[in-house]
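Numbering (the numbering used here), first residue to last: 63 to 558.
Notes follow the structure.
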Amino acid sequence: MFFQNKKYKPWKKKDFVLSILQVVIHAIILLGLFAVETVLDKGGNGFIAFITDEKTLYNVVYAVIVVFSICTITYLYYFYEYRDFLTRAKNIAVLFISIELSFLLCIIMGHFSGIFTRPCTLCALLVLLLINHRSAVFVNLMFNTLLVSMDLLCQVDFEIARVLGSFITGVVTGHLAVYLVNNVGSRIKVFGMGFIIAIAASLFAFVFSLEPGITILDILFVIAQAFTSGLSSIVVLMALLPIFEYIFNMLTNYRLSEITDHKSKLISRLIEEAPGTFQHSLVVSTLAETCATAIGENPILARACAYYHDMGKLKQPDHFTENQHGSNPHDDLAPELSTQIIRDHATNGYDIIKKHHLPLILADVAREHHGTLPIQYFYNKALKYTEGDLDIKDFSYAGPKPSTKVSAIIMLADGCEAAVRAQNDRSRDKVAKVVNAIVEDRLKLEQFSDCDITMREIDIIRNSLIDSLSGVYHERVQYDKMKDKRFNMFDNSKKS
Ligand SMILES: [Fe+2]
Ligand SMILES: [Fe+2]
63 MFFQNKKYKP WKKKDFVLSI LQVVIHAIIL LGLFAVETVL DKGGNGFIAF ITDEKTLYNV
123 VYAVIVVFSI CTITYLYYFY EYRDFLTRAK NIAVLFISIE LSFLLCIIMG HFSGIFTRPC
183 TLCALLVLLL INHRSAVFVN LMFNTLLVSM DLLCQVDFEI ARVLGSFITG VVTGHLAVYL
243 VNNVGSRIKV FGMGFIIAIA ASLFAFVFSL EPGITILDIL FVIAQAFTSG LSSIVVLMAL
303 LPIFEYIFNM LTNYRLSEIT DHKSKLISRL IEEAPGTFQH SLVVSTLAET CATAIGENPI
363 LARACAYYHD MGKLKQPDHF TENQHGSNPH DDLAPELSTQ IIRDHATNGY DIIKKHHLPL
423 ILADVAREHH GTLPIQYFYN KALKYTEGDL DIKDFSYAGP KPSTKVSAII MLADGCEAAV
483 RAQNDRSRDK VAKVVNAIVE DRLKLEQFSD CDITMREIDI IRNSLIDSLS GVYHERVQYD
543 KMKDKRFNMF DNSKKS
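Put into structure tokens, the structure is as follows:
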């Protein structure tokens with residue numbers, strides 16, 4: 063799953079050349095699929111005659127123009143909408159392999175069992191679950207344009223009404239599938255949606271099959287074909303998704319649900335080795351899910367990121383308040399060393415998540431969830447032992463700052479949860495005061511300068527956190543307030 067960040071990274075000449083080259087290669091593969099269709103339809107000799115005959119040679123030229131135009135439009139769409147998407151070869155491969163596989167299946171099923179049996183919604187669904195829903199709507203239109211172009215250019219003896227009928231059915235049911243399946247959390251529910259898609263496809267097939275002299279039996283046959291097409295799209299989708307997830311380490315809602323299972327490797331380690339951190343992550347996951355829903359981000363992704371945000375604490379769990387029972391190892395450590403241990407949990411989390419081949423966004427959120435915030439408790443402690451000025455940077459997290467909205471949500475939910483837990487008075491007014499202070503401090507310290515979250519969204523998150531946290535209670539030790547007058551934060555950085 064790809065998430066947009068409109069603050070694009072600067073592009074180098076190499077990015078242009080590599081991304082264009084890949085799209086050209088995929089355009090050639092698609093033209094090869096046009097040839098497969100012609101060979102299936104007319105045989106090997108028929109194909110040679112088709113590309114050499116003056117009457118049909120124009121179709122070959124048109125096919126080249128159509129395929130390259132569609133690939134160019136697709137490239138431009140991503141360049142202007144999700145530019146960073148094009149900088150990773152994996153993304154371009156996932157996008158075009160989804161198109162090519164769907165196209166190949168449509169060719170095979172169209173040839174052997176009829177034009178209305180083609181799984182026209184498959185491509186849109188793959189792009190929906192592997193990239194995002196806006197891309198899926200766009201790619202659905204491009205895919206069906208490719209398909210209708212192939213019908214018109216390679217199979218000149220096709221009935222035009224049926225070809226157009228298939229095009230309209232493909233576009234409409236593809237769009238419908240995107241909206242029905244978007245944010246459906248379980249694979250079994252997606253099958254349920256498959257029936258609705260199949261019914262819609264059948265209705266369109268019925269309308270477009272009506273012609274003078276057609277028998278009831280013919281109509282029923284076409285309806286059955288279209289119904290099969292709707293269902294087969296879902297069946298093939300479910301078979302292909304795990305392959306994409308495995309080969310490309312892709313993130314789908316289903317994979318996210320699996321990796322947040324309490325029996326998954328890292329989560330069960332967290333439960334066993336750092337139970338306090340696990341409980342904290344559970345509360346943050348509930349908060350993050352609500353915040354993500356409120357601002358239109360993916361709640362399942364936010365939940366997964368919350369589960370993994372403190373995974374770095376697995377390295378020295380007893381050095382974090384929530385896992386301590388009486389003794390505190392920091393009592394015997396210099397504040398500089400304590401700072402180092404606390405600071406490292408962000409980068410350790412990044413390394414642990416990457417080592418377990420989990421999706422990169424989880425690792426990024428683990429590294430970014432404290433941004434460049436100061437670790438105030440140990441800064442305050444160090445101040446007690448020194449007469450000179452201390453540099454707050456030496457007692458701050460190394461960053462980077464949150465680069466996505468989900469990362470920003472985790473930073474706020476994490477900070478607010480820890481701060482509210484540390485309060486004795488958790489009335490709604492007090493919770494609101496604490497949350498407001500945390501949000502204001504993060505803003506003052508410019509923690510959201512690297513992501514495209516808006517002030518309106520931060521306000522929505524703030525209100526959502528106040529509502530959710532008003533009912534969350536856990537005892538926490540209260541630490542000294544910050545002594546540096548530049549910050550009025552609640553001291554939670556050691557604990558979260
Ligand atoms: Fe945390
Ligand atoms: Fe943390």
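Virtual Cβ for every residue (Gly too), placed ideally from N, Cα, C.
Just so it is clear, the structure is predicted and the values come from calculations on it, not from any experiment.
Query: Range of the contiguous alpha helix (DSSP H) that encloses Ile515; Result: No alpha helix (DSSP H) holds Ile515; DSSP gives it neither H nor E.
Query: Start-to-end residues for the alpha helix (DSSP H) that takes in Ala364; Result: Pro361 to Tyr370
Query: Near ligand 2: Asp372 beta-carbon under 7 Å from a heavy atom; Result: yes
Query: Per-residue DSSP class, three states only, for Pro464; Result: coil
Query: Three-state secondary structure (DSSP) of Pro72; Result: coil
Query: Extent of the continuous alpha helix (DSSP H) run through Val298; Result: Ile278 to Phe310
Query: Neighbour-count burial assignment, Asn245, 16 or more Cβ in a 10 Å radius; Result: exposed
Query: Terminal residues of the alpha helix (DSSP H) in which His392 lies; Result: His392 -> no alpha helix (DSSP H), and no H or E assigned at all.
Query: Cβ-based neighbour list, Lys443, same chain, cut-off 7 Å, excluding 5 preceding and 5 following; Result: Pro397
Query: Three-state secondary structure (DSSP) of Ser264; Result: helix
Query: Residues bridged to Ser248 [DSSP beta-bridge criterion]; Result: The partner list for Ser248 (beta bridge, DSSP) is empty, contrary to what the question assumes.
Query: Local Cβ density within 10 Å of Asp426, reported as buried at 16 or more and exposed below that; Result: buried
Query: Heavy atom of ligand 3 within 7 Å of Asp476 beta-carbon; Result: This structure simply doesn't include ligand 3; it includes ligand 1 and ligand 2 instead.
Query: Element boundaries [alpha helix (DSSP H), containing Thr118]; Result: Glu116 to Glu143
Query: Minimum length 3: unbroken beta strand (DSSP E) runs contained in the segment 474-505; Result: none
Query: Same chain, Cβ closer than 6 Å to Ala260, five either side skipped, listed in chain order; Result: Phe289, Gly292 and Leu293
Query: Closer than 7 Å: His392 CB and nearest ligand 2 heavy atom; Result: no
Query: Residue environment, Ser555, which counts as buried when at least 16 other CB atoms sit within 10 Å; Result: With a pLDDT of 43 at Ser555, under the threshold of 50, the modelled position of that residue is not reliable, and the figure given next carries that caveat. Flag for Ser555 reads buried.
Query: Burial state of Ile127, where buried means 16 or more other Cβ atoms lie within 10 Å; Result: exposed
Query: Near ligand 1: His381 beta-carbon under 7 Å from a heavy atom; Result: no
Query: Anticipated Cβ contact below 8 Å, Ala262 with Thr235, distance rounded; Result: 5 Å
Query: Three-state secondary structure (DSSP) of Ser81; Result: helix
Query: Buried or exposed by the 16-neighbour rule on C-beta atoms within 10 Å, applied to Ile154; Result: buried
Query: Proximity test, His432 beta-carbon vs ligand 2 heavy atom, cut-off 7 Å; Result: yes
Query: Rounded distance between the beta-carbons of Ile132 and Met204, thought under 8 Å; Result: 5 Å
Query: DSSP-derived helix/strand/coil call for Pro379; Result: helix
Query: Sequence-distant residues of the same chain with beta carbon closer than 8 Å to Ser465, five excluded per side; Result: Asn67, Asp426, Glu430, Asp512 and Cys513
Query: Contact between the segment 177-195 and the segment 295-312 (3+ Cβ pairs under 8 Å); Result: yes
Query: Close-in-space but distant-in-sequence residues of the same chain around Asp280 (CB under 8 Å, 5 per side omitted); Result: Ser271
Query: beta-carbon His324 near ligand 2 non-hydrogen atom, thresh 7 Å; Result: no
Query: Option in Thr134, Gly105 and Leu148 with minimal Cα separation from Phe78; Result: Leu148
Query: From Thr136, Ser326, Leu83 and Pro304, residue whose alpha carbon lies closest to that of Ala151; Result: Leu83
Query: Buried or exposed (CB count within 10 angstroms, at least 16 for buried), Leu531; Result: buried
Query: Cβ-based burial, Leu138 [other Cβ within 10 Å; buried from 16]; Result: exposed
Query: Element boundaries [alpha helix (DSSP H), containing Phe178]; Result: Per DSSP, Phe178 belongs to no alpha helix (DSSP H) and is neither H nor E.
Query: Exposed unless 16 or more other CB atoms sit within 10 angstroms - verdict on Glu519; Result: buried
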